Structures are given as C-alpha cells and as structure tokens.
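In this note's numbering, the protein residues as written are 361 to 772. Glycine is no exception: its CB is placed at the ideal position from the N, C-alpha and C atoms. Being a predicted model, the structure only gives us computed values, none of them experimental. Notes to accompany the following structure.
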Amino acid sequence: MTRRLRICILTSGRVFELAYGGEEKFTTSLANWLVSRSHDVILMGSGFVGVKSKRLSDSHPIEEHDKDVIPEHGKIRVLYPPYSIYLLSRLVQSLLWILKISSINLKSPITIIHAQDTGYAGLAAVLSGRFLRIPVVISSHGIRHKTLESTVRGRLKKVLIKIEYKIDIFTIKNADNIIVVNPSIKNYFERLTSKKIDYIPIGIKVRKFQFSETDRDLVRDELGIDKETKVIGFVGRFSHEKNLFTLLVAFANVVRDNSPMKLVLVGAAGPLESQIRENIRKSGIEDKVILCGIRYDINKMLSSFDIFVLPSYTEGLSVALLEAMACGRAIICSDIPANQQLVIHNKEALLVDPYDTNAFERAIRLLCNDDSLRIKLAKNARIKASQYEEEVVFPKILEYYETVSNKMAIQE
C-alpha cells in the first residue's frame, strides 16, 4: 500500500466559483480522485479578489460543476480587466499563495506542490518549494505566452508578453518536475530547458458523456429546436484564440442556402460578447444562432449537437474536444498540433486550417449532407476518447507523485 501523501494543488482558475473551464474541470476531478484514494489534498485557486484554499476530504470534496445546473440568465458573468491590471493582480496573488502555503506547511508538512500552469501558480509553487524544500511539479496545459500573443491587446502588448515569457521560462527552469498534456508542448519546452519533460494527458469522466437520446430531445425542446434541424455546437470561452468569428462567417455562408440548421454557442462571453452579437446581427443570422451562456450540463448539451466545432488558433489539450469525442459527436476542429495529437483527419474528425473560412464552410456542408461520414467520425471519436478516461490517467499522476516524493526522501 502506498503511503499517504499531502498534496497542495494550485490553479490560477476559479475552482471555487461557478464559472470555469477545462483546466479547472481537470484540477477539481484530480483533487477529488486523490482524496478518494485516501490522500490529503489542499486545493488553492483564484477568487475575484485574492486567493482561496480548501482542504478536501471524502466527506467534503470540491464540488464539480458538471451536474444539472443551469445558471439563471445574466446572473453569472466573467469579468476581464485590462491586462496590465490583471498581471499586477496575479503577481500579488502569487505572493499570497506563497504566504498561504508557508502557513499550511508550518501546521502540517506538505509532501508535494503541484501547480497547474507555468505562470503565476507555477511561480508561487517554485518559490514556495525552494524556500520550504518541498518538491514541485508543474503541469503545462498549453504554451501560455504563445496563447497570450493572440489575446493581449493595447500599446503595452510587447512589454506584457515579454514579462509573461520571462515568468514562464523562470518557472520551467526552476521546477523540479514538469508535466505537459501533449507532445507538441513537450517538444517546445525541450528547446528551452535541458530538464526532463514528462507527458501525461488530461483525463475526463468518459462514461459521463455517453450520448443520450432523451437528453437530446430535452435540450432541443428547451432551446426551441426541432428534431430535423442540424445543430452545430461550440463549447468554450468566447476569447480571441477560440476563433469564433471564422466559425460565424462560415456558418452564415452555409445557412444562406436556407438549410435547416442552428449554431449553438456555449460559454462565457466575456469581452467579445458585444462583438459577437454585432457580427451575428450584421450577418442576418439572429434567428439561427443561440447564445446559451455558461452551462454545467455539458453532457446534455453535447447530446443535442449533430456536429461539434472547435476552430481555435491554439489549444493545450482541449477538454471540450475530449468531451465531444466521448459523447460520440461528429467533429470539425482546427488543424493545429494539440488537436493532431487527439484526432486523425477523416478518421475521428475533420481537421481544418483555422485561418481558412471556406474550409470550415465546406466541412460543415459535408458533414450536414453525409450521414455515413458523420456516423463514422462519431464512432471512432468515441473509441479514441476511452484512452483519456480519468481512471486511466489519474493513477499515472499519482505514480508520478510517489516517484517524486521518494526521490526527495532519498536525497535527504
């Protein structure tokens, strides 16, 4: 039997709030899984102000907001301050994390610190680990400074990106152990450091995303969509790197043929909401597009889709894509390294150049008209998703913790 570990998990995400995405889903699932295996877990996340932490137990796990919860429209909003203010607040947050970790460790020693990004959580983890002599594991869910190049705006963009890059490099070079969620990130980081980079993918609850005809009908009834209408769906943040405007243009071109279809967008609108609504209005497709906002019944939403589209310019390892695969949806996604690790073109999905609007239009038309191809892609995607079941992935992370912990014990 393995010894009980005391693990401090840090994420920059709001795991204690209602609005969160793929990284936060993964983090809460991992934390609860570790607790169910009798390990002691302290989960730390961001609040609207400052940091939040919680010690988890079997009787008090962290709530995973993937249940039948539908927020009242307009009640949950994600606020995005100017990036310079955001950066400063994150630096302050890192300091608060360090103080919190030191306080917790003083009461009962922490075995391992595991940060879920190379940025501010990673920075706090590395500095805490060095000061307290605790081994640090950093997980990278994407190449942060590369993603920020497509999201940060304004005159200070170059300066801010440079600061973020230096934080990433410092964290990578000073972490004891680094995990990446796909091989393309591994290849990139290996050019920046001589340290060993380990690949362990994200895990999801594959069984939870079983397609349901009942859920399909219920969601379509709720949204006012009949059974014959083809539904193209997207799940994710409404941010620049998700490339939603390309999807909107492609969809607008397709529905000009009076094809019976709807585009359903699920996620927090954030700073792009007004631009997205204006784009929809100018395209004359208000009656064809449904903005659902944040939903926590994603498994049911996916069942209502015929086609799932992920047009992102960049991804780490998309939880939304994995969930769509697990639900057995026909998928169109951008032809980028992260997605190439998950799906093969024309086998589990159609891979499309994210900069080619016409290619997305052709792919949507093809899958709407070709039932056999749609069924083939959906079936193969479902089979592929089984490799990412959390009961397969999480034991690998636990084994990794044990190796790291034993190595530190030998050194001491």
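Same chain, Cβ closer than 6 Å to Phe-668, five either side skipped, listed in chain order: What you label residue 668 is simply residue 308 of the sequence shown in a count that begins at 1. Cβ neighbours of Phe-668 beyond the five flanking positions: Gly-593, Ala-684, Arg-689 and Ile-691.
Spatial neighbours of Glu-750 in its chain, beta-carbon cut-off 7 Å, leaving aside the 5 residues before and after: Within the sequence shown, residue 750 is the residue found at index 390, counting from 1. Cβ neighbours of Glu-750 beyond the five flanking positions: Ser-389, Trp-393, Gly-563, Ile-564 and Lys-565.
Local conformation of Gly-676 per DSSP, three classes: In the sequence shown, the residue the question calls residue 676 occupies position 316. Coil, per DSSP.
For Lys-460 and Leu-466, the rounded distance between their alpha carbons: Translated into positions along the sequence shown, residue 466 becomes position 106. Translated into positions along the sequence shown, residue 460 becomes position 100. Approximately 10 Å between the Cα atoms of the pair.
Meets three-Cβ-pair contact criterion under 8 Å: the stretch 553–562 and the stretch 621–632: no
Cβ distance (whole Å) where Asp-575 is taken to contact Lys-660 below 8 Å: Counting from one through the sequence shown, the residue named residue 575 turns up at place 215. Counting from one through the sequence shown, the residue named residue 660 turns up at place 300. Rounded, the Cβ-Cβ distance is 4 Å, consistent with contact.
Residues bridged to Cys-687 [DSSP beta-bridge criterion]: As a first step, residue 687 must be located in the sequence shown, where it is residue number 327. According to DSSP, which records beta bridges pairwise, Cys-687 is partnered with nothing at all.
The alpha helix (DSSP H) enclosing Phe-491, as first and last residue numbers: Locating residue 491 in the sequence shown gives position 131, where the first residue counts as 1. Residues 480–492.
Alpha helix (DSSP H) segment containing Leu-711, residue limits: Numbered from its first residue, the sequence shown carries residue 711 at position 351. Looking at the DSSP string, Leu-711 is not in any alpha helix (DSSP H); the run it does join, the beta strand (DSSP E), is 710–712.
Assigned exposure category for Arg-754 - 16 Cβ within 10 Å defines buried: Residue numbering aside, residue 754 sits at position 394 when the sequence shown is read from its first letter. According to the sequence displayed, residue 754 carries Phe and not Arg. Looking at its Cβ environment, which holds 16 or more other Cβ atoms inside 10 Å, Phe-754 is buried.
Residue burial classification, Lys-767 (beta-carbon count within 10 angstroms, cutoff 16): Taking the first residue of the sequence shown as 1, we reach residue 767 at position 407. Exposed: under 16 other Cβ atoms inside 10 Å.
Spatial neighbours of Leu-487 in its chain, beta-carbon cut-off 6 Å, leaving aside the 5 residues before and after: Taking the first residue of the sequence shown as 1, we reach residue 487 at position 127. The residues are Ile-458.
Simplified DSSP state of Glu-588, which is helix, strand or coil: Here residue 588 refers to the residue found at position 228 of the sequence shown. Residue state, collapsed to three classes: coil.
Backbone secondary structure at Asp-399 - three-state DSSP: Within the sequence shown, the letter at position 39 stands for residue 399. Before going further, note that residue 399 is His rather than Asp in the sequence given. The answer is coil: DSSP assigns His-399 none of H, G, I, E or B.
DSSP state of Phe-571 mapped onto helix, strand, coil: Residue mapping note: residue 571 aligns to position 211 of the sequence shown, counting from 1. Looking at Phe-571 - three-state DSSP - the assignment turns out to be coil, as it is neither helix nor strand.
Local conformation of Glu-749 per DSSP, three classes: As a working mapping, residue 749 is identified with position 389 in the sequence shown. If DSSP states are grouped into helix, strand and coil, Glu-749 belongs with the strands.
Ser-549 (DSSP reduced to helix, strand or coil): Indexing the sequence shown from 1 puts residue 549 at position 189. Residue identity check: residue 549 is Phe in the sequence provided, not Ser. Note: Phe-549 maps to helix in three-state DSSP.
Opposing strand residues paired with Val-624 [DSSP bridges]: Numbered from its first residue, the sequence shown carries residue 624 at position 264. Bridge partners of Val-624: Gly-593 and Ile-650.
Identified DSSP bridge partners for Asn-537: Against the sequence shown, residue 537 aligns to sequence position 177. DSSP output for Asn-537 lists Val-497 as bridge partner(s).
Three-state class that DSSP yields for Ile-527 in the structure shown: Here residue 527 refers to the residue found at position 167 when the sequence shown is read from its first residue. Correct three-state label for Ile-527: helix.
One or two residues paired with Asp-731 in a DSSP bridge: Stepping through the sequence shown from its first residue, residue 731 is reached at position 371. The partner list for Asp-731 (beta bridge, DSSP) is empty, contrary to what the question assumes.
Per DSSP, the bridge partner or partners of Ile-464: Counting from 1 along the sequence shown, the entry for residue 464 is found at position 104. Answer by DSSP bridge pairing: none, since Ile-464 is not bridged.
Delimiting residues of the beta strand (DSSP E) encompassing Ala-475: Locating residue 475 in the sequence shown gives position 115, where the first residue counts as 1. Per DSSP, Ala-475 belongs to the beta strand (DSSP E) from 472–475.
Sub-8 Å separation of Ala-481 and Leu-608 beta-carbons: As a first step, residue 481 is located in the sequence shown; it is residue number 121 there, counting from the start. As a first step, residue 608 is located in the sequence shown; it is residue number 248 there, counting from the start. Cβ distance not < 8 Å, so Ala-481 and Leu-608 don't count as in contact.
Under the three-state DSSP convention, the category Asp-577 falls into: As a first step, residue 577 must be located in the sequence shown, where it is residue number 217. If DSSP states are grouped into helix, strand and coil, Asp-577 belongs with the helices.
Proximity winner among Leu-483, Lys-648 and Ser-663, relative to Met-621 (alpha-carbon distances): If you number the sequence shown from 1, residue 621 lands on position 261. Here the closest residue by C-alpha is Lys-648.
CA nearest to the CA of Gly-596, picked from Glu-384, Cys-368, Arg-363 and Ala-391: If you number the sequence shown from 1, residue 596 lands on position 236. If we check each option's Cα against that of Gly-596, Glu-384 comes out closest.
Pairwise C-alpha distance: Lys-546 and Leu-727: Here residue 727 refers to the residue found at position 367 when the sequence shown is read from its first residue. Here residue 546 refers to the residue found at position 186 when the sequence shown is read from its first residue. If I take the Cα positions, the gap works out to 33 Å.
Element boundaries [beta strand (DSSP E), containing Leu-670]: Here residue 670 corresponds to residue number 310 of the sequence shown, with the count starting at 1. Where Leu-670 is concerned, the enclosing beta strand (DSSP E) stretches over 667–670.
Pairwise C-alpha distance: Ile-539 and Lys-756: Locating residue 756 in the sequence shown gives position 396, counting from the first residue. Locating residue 539 in the sequence shown gives position 179, counting from the first residue. Distance between the alpha carbons of Lys-756 and Ile-539 is about 11 Å.
Distance between Ala-698 and Pro-431 (C-alpha atoms, nearest Å): In the sequence shown, residue 431 corresponds to position 71, counting from 1. In the sequence shown, residue 698 corresponds to position 338, counting from 1. No answer about Pro-431 holds up, because its pLDDT of 40 lies below 50 and its placement is not dependable.
Proximity winner among Arg-490, Ser-746 and Ser-663, relative to Phe-571 (alpha-carbon distances): Within the sequence shown, numbered from 1, the residue matching residue 571 stands at position 211. Taking only the C-alpha atoms, the option nearest Phe-571 is Ser-663.
Closest Cα partner of Leu-403 within the set Leu-520, Arg-415 and Val-395: Start at 1 with the first residue of the sequence shown, and residue 403 comes out as number 43. Of the listed residues, the one whose Cα sits closest to Leu-403 is Arg-415.
Three-state class that DSSP yields for Ile-640 in the structure shown: In the sequence shown, counting from the first residue as 1, residue 640 sits at position 280. Shown here, Ile-640 sits in a helix according to DSSP, grouped into three states.
Backbone CA spacing between Ile-658 and Leu-651 [nearest angstrom]: Here residue 658 is taken as the residue at index 298 of the sequence shown, counted from 1. Here residue 651 is taken as the residue at index 291 of the sequence shown, counted from 1. Pairing Ile-658 with Leu-651, the inter-Cα distance amounts to about 14 Å.
Residue span of the beta strand (DSSP E) that contains Ile-557, given as start and end: As a working note, residue 557 is residue 197 in the sequence shown. It spans 557–559 - the beta strand (DSSP E) in which Ile-557 sits, taken as one unbroken run.
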